[in-house]
Amino acid sequence: MNKLDTGIEYLKGIGPNRAQLLREELGIRTYHDLLHFFPNRYVDRSQFHSLGQLARNSAEIQIKGRLIQIKNIPQKRGSRLVAILEDQQGQIELVWFRGQQWIQDQLRLETDYVAFGRLNWYGNKVSMPHPELTPMSHFEKNAFLGLHPIYPSTEKLLQRGVSQKVIKQAQHQLFQTLTGKFSESLPKILIQKQQLIDKNSAYRYIHFPENHQQLSAAQYRLKFEELFFIQMQLLQKKIMRKQQIKGYPFQKVGAVFNQFYKNALPFSLTDAQKRVLKEIRKDLGTGIQMNRLLQGDVGSGKTIIALMSMLIGVDNGFQACLMAPTEILAQQHFNSLQEFLKNTTVRIALLTGSTKKSERILLHEALENGSLDLLVGTHALLEDKVQFANLGLAIIDEQHRFGVAQRAKLWRKNKLPPHILVMTATPIPRTLAMSLYGDLDISVIDSLPPGRKPIKTVWRRDSNRLQVFQFIKEEIQKGRQVYVVYPLIEESEKMDYKDLMDGYASLQRSFPRPNYQISIVHGRMKPDAKEYEMQRFLKNQTQIMIATTVIEVGVNVPNASVMVIESAERFGLSQLHQLRGRVGRGNTQSYCILMSGDKLSEDSRTRLDTMVRTNDGFEIAEVDLKLRGPGDLMGTQQSGVLQLHIANLVKDQDLLQQARTWAQNILSADPNLQQNDHQGLKTALQGLTQNKAIWNFIS
Ligand code: ADP
Ligand code: MG
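Letter by letter, the sequence shown follows residues 1 to 699 in this note's numbering.
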């Protein structure tokens, strides 16, 4: 057994209890985990803060001074020990709530001490609870000077006595045990050219740096290595998939496609749409399963690409399906596809949770005997009873709403896997896409159909509501329609529904019948009631659609020109962008009005400012990534890829690009890693595969 696989309970000073705590709180199980448990900060212990000017934050700092007073102060339960430390500029209270007696015995009045810990501010009064306290004489003798690592920790660990000191000692012990010898995993030539330090030094310097230079060299090497191995895994997977996973070859583009293109397509495709369609056609013809992600901003025209890809399937004798995350959206897709197909022989049906049983039976039969070509639907498509005669292509709209397991289910319905096209309107920043979907092929529709006017976005306070209502009236006067959207957050569902209903009542007062008709749609309504309201709005029988975020994805009502978002500060950026994308779909000038309260956090302000500044989904996604970090972005939660120890996808974008280029070059020169210089790499990769660190997309 590899020594690194040893459980940490065997490390001197840890034992079963601490091991269990470390496992539960920090996920540290083995020597390997501990070695890769890196400090998240370093404090320069050659620096002391003056007691006269202490910063009002909660970072650990180091101070020094003379101990001038020790006192026990009774409180509700027991007492606290307070010691006052003084330097030329000021004083600070050191406070202990536990273990007072033992500490008090150690303390010596009129002695110089170094104290290390977090500050606690109470009004203008500052104290340092439970500091790490060292007599000055001892501090100097033991040359504490240097960079002092701070490891991530949790409240529980601190309470149970697993302090920074304990973790540091464990790291020391680990290096003693392992004798600090790690076999090199990166090729020599890479180390040389990328100017990396060797692996042994990197681990040593990350845990015990003597100076900033050592530390940054270690960080650089370890970040690079982390990103590089992710890219190696993703690219290897991509290569493997292309070699092994066969797919149905769609060799021809036939009459169905061509006639649609010539006679039925109501507009000409944009250059971006043409390019993407070409990429898809090429994939479909190769005999290898397509796994493609189609990114395109809201309104960029993905639906028609989906349809035309499915028609290629039909031309080759296959069925295809299009899956949407909500009933409304599935219905909408079905309506627009049916409209596109009205003068063709292509047979299409809709299947959702609310499809009637009698219809369902007919539909299942038509699917199984192949008399149905295209099926549009929701999760209902994944039920076991739904059996295709020959599913050749599955298209998944708005990918972030579907889990991995669900996608795999589609796959299982066939002998050969169907081709997969995942469409998303959530623009994923390049770096993130590279890490998340590095094994997928990516197509991007990067321009909007001609004639679209950029949506004008404004941000208004609740106090401006009357003007906003006036503006809405003018737009309705011109024949336009308006969305008003309310947030709905699960945790505060009750309050949110109340807000929605209050808003509805207020709109009804300001926009009275019969001049104005208002639709309302929210999650507590039955599907057919929702659908009924959607249809009324779509047919322009109602001018205002008030809704919770159920309309977020995909709804297409080109005559709607105003999107009012209530409590906009409560929405995430990508959600705001999605919502805004519901207007601006025709060729009239459209508007997005963000309503907010007055008290806003810094982040909310940035979000709303960003929305006002730009319509560009990719720019918005970059800001979102910076604000939230990759872990929070939609759809990335399942991703093991993003559990990075040291690299940061926002800050280390350049390094990621370099790592990817290295991985590409190495794999194209030596796909099976047979060269001598690649042996360490090969071994390391095998180890990683065993740990299954990577997210399995689809397969
Ligand atoms: P999304 O990418 O958000 O799914 P849709 O596919 O719903 O966008 O397209 C938005 C609107 O633009 C639809 O009404 C669609 O018919 C229209 N559209 C798509 N492509 C073009 C084009 N090339 N020229 C003009 N209109 C187009
Ligand atoms: Mg869409």
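From the three backbone atoms N, C-alpha and C, an ideal C-beta is built for every residue, glycine too.
Within the DSSP secondary-structure output, ARG66 pairs in a beta bridge with GLU86, ASP112.
The residues TYR483, SER519, PHE537, in chain order, have a CB closer than 6 Å to that of MET545 in the same chain once the five nearest residues on each side in sequence are set aside.
Burial state of GLU359 is exposed, judged by a 10 Å Cβ sphere holding fewer than 16 other Cβ atoms. With respect to the 8 Å criterion, ILE245 and ARG281 are not classified as neighbours on the basis of their beta carbons.
Rounded to whole angstroms, the gap between the alpha carbons of GLY317 and TYR504 is 50 Å. As the crow flies, the alpha-carbon of LEU81 is around 40 Å from that of TYR203.
In its chain, beyond the 5 residues on either side, GLN62, LYS64, THR134, MET136, PHE139 have a beta carbon closer than 7 Å to the beta carbon of VAL114.
Counting the other Cβ atoms within 10 Å of the Cβ of TRP102 gives fewer than 16, which makes it exposed. By the Cβ criterion, the region 579-594 is not in contact with the region 265-284, since fewer than three pairs of Cβ atoms, one from each stretch, lie closer than 8 Å. Note that the C-beta distance between GLY392 and PHE250 is below 8 Å. In the pairwise beta carbon analysis, the region 414-423 is classified as touching the region 230-249: at least three pairs are separated by under 8 Å. ASP44 sits in a strand when the DSSP states are folded into three classes. Of the other Cβ atoms in all chains shown, 16 or more fall within 10 Å of the Cβ of TRP96; this residue is therefore buried. The C-alpha of GLN387 is placed about 32 Å away from the C-alpha of ASN263. No residue range can be given for LEU381, since it is assigned to no beta strand (DSSP E) and is classified by DSSP as neither H nor E.
No Cβ-Cβ contact shorter than 8 Å links THR426 with TYR486. When the five nearest sequence neighbours on each side are left out, the beta carbons in the same chain lying within less than 8 Å of the beta carbon of THR345 are those of VAL256, in order along the chain. Residue state for THR30 is assigned as strand, using DSSP reduced to three classes.
8 Å or more divides the Cβ of GLY377 from the Cβ of ALA389.
For the region 278-331, the full-length alpha helix (DSSP H) segments reaching 4 residues or more read 302-315 along the chain. Contact between the region 643-663 and the region 147-155 is absent: fewer than 3 CB-CB pairs across the two stretches fall below 8 Å.
Note on GLY52: under 16 other CB atoms within 10 angstroms of its CB, so exposed under the neighbour-count rule. Per the C-alpha coordinates, the member of ALA83, LEU337, GLN164, LYS223 positioned closest to GLN100 is ALA83.
The region 500-585 is shown to contain whole alpha helix (DSSP H) runs of 4 or more residues at 527-538, 573-580, in chain order.
Rounded to whole angstroms, the gap between the alpha carbons of TRP459 and GLU533 is 28 Å.
Here DSSP, grouped into helix, strand and coil, assigns PRO135 to strand. Of the candidates ARG275, LEU573, ARG98, the residue whose Cα lies closest to the Cα of ARG160 is ARG98. In this structure, LEU322 lies near HIS333, with their beta-carbon atoms less than 8 Å apart. If you look at GLU93, you'll find it isn't in any alpha helix (DSSP H); it sits in the beta strand (DSSP E) that goes 91-96. For ILE666, the enclosing alpha helix (DSSP H) covers residues 653-669.
Our two residues, LEU174 and LYS165, have alpha carbons roughly 14 Å apart in a direct line. Take ARG465, set aside five residues on each side of it, and the residues of its chain with a beta-carbon closer than 8 Å to its own are MET595, in chain order.
In the DSSP assignment, TRP121 forms a beta bridge with VAL126. With a 10 Å radius around the Cβ and a threshold of 16 neighbouring Cβ atoms, TRP121 comes out exposed. For SER604, the enclosing alpha helix (DSSP H) begins and ends at 602-613. As DSSP reads the structure, ARG160 sits in no beta bridge.
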